[in-house]
Amino acid sequence: MNLYPIKVQFFLSYGALGSIGPLMALILKESKDFSPRQIALTLSLSSLGMLFTPAFMTYLADKSVDTRKILRWSFAVTTFSLISLYYLINPIQITLAWTLYSVAFVPVLPLLDGYFFNYKRSMELKGYPCVEYNKIRIWGSIGFIAPSCILFFILSGNKSIANSLWCAVLFCFLSYVFTFFMDNNSSQEKSSTKKPTRESFKVLLSPSMIPFCIGIFLAYTAANCYFPYLSVFFKEHIGIKNNLITVITSVGVAIEIIYISNLNFIRKFISIRAITAIGLGSMAIRLALLATFPELEVAIIIQIFHGLEILSMFVLPIMYLDQVAGPGFRNSIQGAFTILITVPSRLVGFLLAGEIARAMGSKEVLYVSSILCAMGMIAISVFFKEKTRSSSH
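Counting from 1414, one number per residue, gives the positions in the sequence shown under this note's numbering.
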């Protein structure tokens, strides 16, 4: 299988995420006139709709349903919901459209992860070498940066921040088109697993995995607490303009690429547990620094730590899930992880952030996120024991 189409798909899919991810709360606040509580409820309710689609979609992929067709459905619905969001003004309709967007788009990333891991495993079974996940995931980071170049112009001056939705629509449309360049990648690995989702949850809820899941859950909750409100904090406390917010976050993503590209070298000296603990610790420190010293220079300097955060939360956990997965549920374990960790953390994080922002402010959101991340670091560093591939089957 040619890896270029999957690299392009990672680039485009993360480009869609990068178009509105850093601006979520600001989009609802400025273009839809939502209060902090309305923002929290909208983002949280949209998470409820995501409780089933990731597992269902990845289950279909493990049952040899063409992943490309599932992705096309996701991108088509996502595009429709984003266009609707631009024009809608009724709060209930906006919440429903945002929920539809979340339901359709969230399965995309675990599907892409499972798609690659199926290919990697098929190469291993044939005795061929294959690049590691981080070499593919790096294209997602590059894609996440790409929208900042477009947003710099379409959000300049007094242009509505809602224009960022059109940038996401563009990347979703291109993602849909490029699914036709991807190869069919049904798993060729022999398996007797008849219920891949159940097997996935059994692994994730095993005694050895519970500390890992708790630590990552706390970290994801922290990320979902602060990330939507980071754009609000940048504007309210530092005075950064809309079109520069994504540029600043892109600095961290650019540095992130260096970390991801050198992950194989780093893992020769440091274990997954150590890297994860260090990454979560650095995240806690950088959030506390930013809240304590709300200056432009600090906002830029702390981006140095962003790469460690991404490694510890969004790269190494995905690789470790494949490491502990068995034949027949390499897709499903990604979906089960999304349901068990990603979705509940979004629900809790969004609600928590909304209440804190309403009662105190966006600065306090960052402080609470820092504490949550420190708790996640402790759970990982003290209680988690890493399993090797040979001992995980």
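Just so you know, even glycine gets a beta-carbon here, dropped at the ideal spot from N, CA and C.
- Val1728 and Ile1658 have their alpha carbons spaced roughly 24 angstroms apart.
- Taking 4 residues as the minimum length, the alpha helix (DSSP H) runs contained wholly in the segment 1480-1521 are 1480-1500 and 1504-1518, in order along the chain.
- Contact between the segment 1617-1627 and the segment 1520-1527 is absent, with fewer than three C-beta pairs closer than 8 angstroms.
- DSSP places Val1544 outside both helix and strand once states are collapsed to three, so it counts as coil.
- Setting aside the 5 residues that flank it on each side, Pro1449 is surrounded in the same chain by Gly1767, Ala1770 and Arg1771, each with a C-beta closer than 6 angstroms to its C-beta; the list follows chain order.
- Gly1748 and Arg1481 have their C-alpha atoms some 16 angstroms from each other.
- In terms of Cβ geometry, Ala1690 and Ile1784 do not form a close pair [threshold 8 angstroms].
- Secondary structure within the segment 1564-1602: the alpha helix (DSSP H) runs of 4 or more consecutive residues, fully enclosed, are 1577-1591 (chain order).
- Collapsing the DSSP output to three states places Pro1707 in coil.
- In the three-state reduction of the DSSP assignment, Gly1652 falls in the coil class, being assigned neither a helical nor a strand state.
- DSSP places Asp1735 in the helix class (H, G or I) of the three-state scheme.
- Taking each of Thr1610, Ile1567 and Ile1555 in turn and checking the Cα distance to Met1470, the smallest one comes out for Thr1610.
- Within a 10 Å sphere around the beta-carbon of Asn1677 sit fewer than 16 other beta-carbons, which makes this residue exposed.
- For Pro1707, the CB contacts under 8 angstroms within the same chain, skipping 5 residues up- and downstream, are Phe1646, His1650, Ile1651 and Lys1776 in chain order.
- Beyond the five residues adjoining it in sequence on each side, Ala1632 comes within less than 6 angstroms, by CB distance, of Leu1693, Met1726, Cys1786 and Gly1789 in the same chain, given in chain order.
- The alpha-carbon separation between Ser1460 and Ile1715 amounts to approximately 29 angstroms.
- Taking 8 angstroms as the cut-off, the beta carbon of Phe1763 is found closer than this to the beta carbon of Asn1637.
- With a beta-carbon spacing of about 13 angstroms, Phe1584 and Ser1487 fall beyond the 8 angstroms limit used to define contacts.
- Comparing C-alpha distances from Ser1745 to each of Asn1597, Ile1717, Phe1591 and Glu1612 shows the shortest one belongs to Glu1612.
- Excluding its 5 nearest sequence neighbours in each direction, Ala1687 has no C-beta neighbour in its own chain below 6 angstroms.
- Under the three-state reduction of DSSP, Asp1526 is assigned to helix.
- For Gly1767, the enclosing alpha helix (DSSP H) covers residues Val1756 to Ala1772.
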